[in-house]
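Just so you know, the sequence shown maps onto residues 11 to 367 in the working numbering. For each residue, glycine too, the CB sits at the ideal point set by N, CA and C. In what follows, a structure is listed as structure tokens, so that the remarks can point back to it.
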Amino acid sequence: MKLRIFIKILTTIILCSNLNSCNGQVNNAKISKEVNSSDSELSERKETPEPVIFPDFTNQIAETVRVMFHDSKNNFWFGTHSGALKLVNGSLVYIDGIRSESGQRVAIRAIKEDINGKIWFGHTDGISYAEGEKIINLYESDGLVSNDVWHLTPDSKGNIWIGTIKGVSKFDGKNFTHFELPEGEIDTTVGVSSTKMIHNILEDSKGRIWFSTNAGIIIKDNNTLKVISEKDGFKTNFVGKVIETQKGVFMICASKGLYQYKDGSLTDVSSDLFKELKGIGNITETSNGDLWFNCGRSIYCLSNNKLTEHRISEGNYGPLAYQIYIDRYERIWFVGWGGAFRFEKGEILNITKDGPW
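What follows is the structure, given as structure tokens:
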């Protein structure tokens with residue numbers, strides 16, 4: 011079945027970031043954990059979908075949707091470069107209370123729900139949370155290590171872990187605690203301008219906290235820290251999103267490949283897939299164990315030991331995906347520059363202010 015992308019070409023961009031089964035246009039390759047060759051390629055690459063047609067921005071959720079979230083009360087939230095939106099009775103409502111210390115609008119980089127049902131936002135000037143209809147904003151002046159927040163994760167104990175450009179803070183509902191972590195390197199070619207930058211935070215099934223940094227992965231297990239870096243098998247210490255699969259395996263995105271961490275051993279999975287798979291922006295897992303991730307101008311699905319490539323743009327044109335997201339209905343979304351899109355019945359649908367929801 012051929013993918014059709016309902017998306018008007020406005021400008022040239024680079025795609026690299028964040029779809030239930032692997033439908034659509036496919037390129038398949040057998041993937042084996044026992045593959046010895048480090049340059050296994052896809053067996054074939056079929057022609058890309060029809061030229062993309064970019065959406066009319068006047069009706070998009072936003073020109074850029076950086077992140078989305080589907081909460082336990084069935085609400086959809088969208089984080090944009092000028093604030094957050096909530097879907098209420100089929101209409102998008104702007105959340106006006108999320109502001110910088112100077113009262114300006116902010117770019118939303120993270121949206122999560124804590125164990126008490128509160129919705130938290132990480133953004134370019136602090137963090138915020140919704141308490142009923144009220145928005146509470148917290149900044150450096152309240153104890154946060156930096157207002158430049160890139161990620162946040164609520165844990166199972168009710169704490170909020172905040173990753174910033176200057177390191178990590180933990181908020182227990184009353185106070186902030188700053189944790190010193192090993193510093194990494196600066197590499198402006200991959201958007202890293204600080205040695206203390208935290209890209210992603212994960213709490214695993216054992217309660218350990220994983221930090222994705224410029225120094226590799228740092229795992230906090232109570233009062234001990236474990237570092238997984240180039241000396242353990244990474245081709246780079248610049249690490250992005252990490253997920254724990256249903257089988258207890260950790261999949262790690264990096265600027266140079268996709269890695270698997272299991273039983274204390276790190277494996278470069280991307281070298282087993284095909285040699286041109288390089289920087290991985292985002293990864294997620296469906297309930298049936300399929301892994302979806304993006305690289306270049308494609309979104310991939312690894313299912314039942316087969317790799318399927320979904321080409322979502324032609325040449326240098328197309329939407330820029332920041333996040334791949336699976337909602338509570340098991341529908342696959344990607345959001346980014348150009349708005350929001352959903353993979354459905356062999357098509358990529360452009361989700362506008364009017365839906366379809």
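What three-state label does DSSP hand residue i in the structure shown?
i, result
"Asp242", "helix"
"Phe368", "An answer regarding residue 368 cannot be provided, because it is not within the stretch 11 to 367 covered by the chain."
"Asp152", "helix"
"Thr277", "strand"
"Asn69", "helix"
"Asp49", "Legend: pLDDT at Asp49 = 35, less than 50; position of this residue unreliable, value from coordinates given subsequently. In this structure, Asp49 counts as coil in the three-state DSSP scheme."
"Thr205", "coil"
"Thr199", "helix"
"Glu114", "According to the sequence provided, residue 114 is Gln. The question's Glu does not apply to it. Looking at Gln114 - three-state DSSP - the assignment turns out to be coil, as it is neither helix nor strand."
"Pro164", "strand"
"Asn218", "At residue 218 the sequence reads Arg, which differs from the Asn that was named. The answer is coil: DSSP assigns Arg218 none of H, G, I, E or B."
"Ile293", "strand"
"Val259", "coil"
"Glu340", "coil"
"Thr362", "strand"
"Thr74", "strand"
"Arg352", "strand"
"Arg321", "strand"
"Gly194", "coil"
"Glu143", "coil"
"Arg109", "coil"
"Arg119", "strand"
"His133", "strand"
"Trp367", "coil"
"Ile253", "strand"
Just the Cα atoms here: how many angstroms apart are residue i and residue j?
i, j, result
"Gly93", "Tyr104", "7 Å"
"Asp278", "Leu268", "6 Å"
"Glu141", "Arg341", "28 Å"
"Gly348", "Phe67", "8 Å"
"Glu123", "Asn169", "11 Å"
"Arg109", "Lys144", "13 Å"
"Ser166", "Ile125", "7 Å"
"Ser313", "Met261", "14 Å"
"Glu193", "Glu354", "42 Å"
"Ser294", "Ile361", "The identity of residue 294 in the sequence shown is Thr, whereas the question assumes Ser. Rounded to whole angstroms, Thr294 to Ile361 spans 20 Å at the Cα level."
"Gly113", "Gly132", "16 Å"
"Ser179", "Arg307", "34 Å"
"Asp152", "Gly356", "48 Å"
"Gly107", "Ser101", "18 Å"
"Ser280", "Ser215", "25 Å"
"Trp130", "Leu95", "13 Å"
"Asn233", "His320", "43 Å"
"Lys272", "Glu254", "10 Å"
"Ile238", "Gly258", "17 Å"
"Gly289", "Cys305", "6 Å"
"Arg218", "Ile118", "26 Å"
"Asp182", "Leu154", "12 Å"
"Phe303", "Cys263", "9 Å"
"Ile228", "Trp220", "6 Å"
"Leu317", "Ile358", "19 Å"
"Gln256", "Ile336", "15 Å"
Are there 16 or more other CB atoms within 10 angstroms of the CB of residue i, so buried, or fewer, so exposed?
i, result
"Leu20", "Confidence at Leu20 is low in this model, with a pLDDT of 30, below 50, so its placement is unreliable and the value that follows should be read with caution. Exposed: under 16 other Cβ atoms inside 10 Å."
"Asp135", "buried"
"Phe344", "buried"
"Asn84", "exposed"
"Val98", "exposed"
"Lys230", "buried"
"Pro366", "exposed"
"Gln70", "buried"
"Gly299", "exposed"
"Ser275", "exposed"
"Thr199", "exposed"
"Tyr310", "buried"
"Arg338", "exposed"
"Ser222", "buried"
"Glu111", "exposed"
"Lys241", "exposed"
"Gly177", "buried"
"Gln333", "buried"
"Asn315", "exposed"
"Gly201", "exposed"
"Ser156", "buried"
"Gly226", "buried"
"Ile322", "buried"
So residue i and residue j are in contact, right, with Cβ under 8 Å, and what is the actual spacing, rounded?
i, j, result
"Gly346", "Val75", "6 Å"
"Gly173", "Leu162", "7 Å"
"Ala120", "His91", "The pair is not a contact, with the Cβ atoms about 14 Å apart (cut-off 8 Å)."
"Phe88", "Ala350", "7 Å"
Report yes or no: do three or more beta-carbon pairs, one from the region 203-215 and one from the region 239-255, lie closer than 8 Å? Cβ pair count under 8 Å is three or more, so yes.
Hey, is the region 178-188 in contact with the region 144-163, meaning 3+ C-beta pairs nearer than 8 Å? yes
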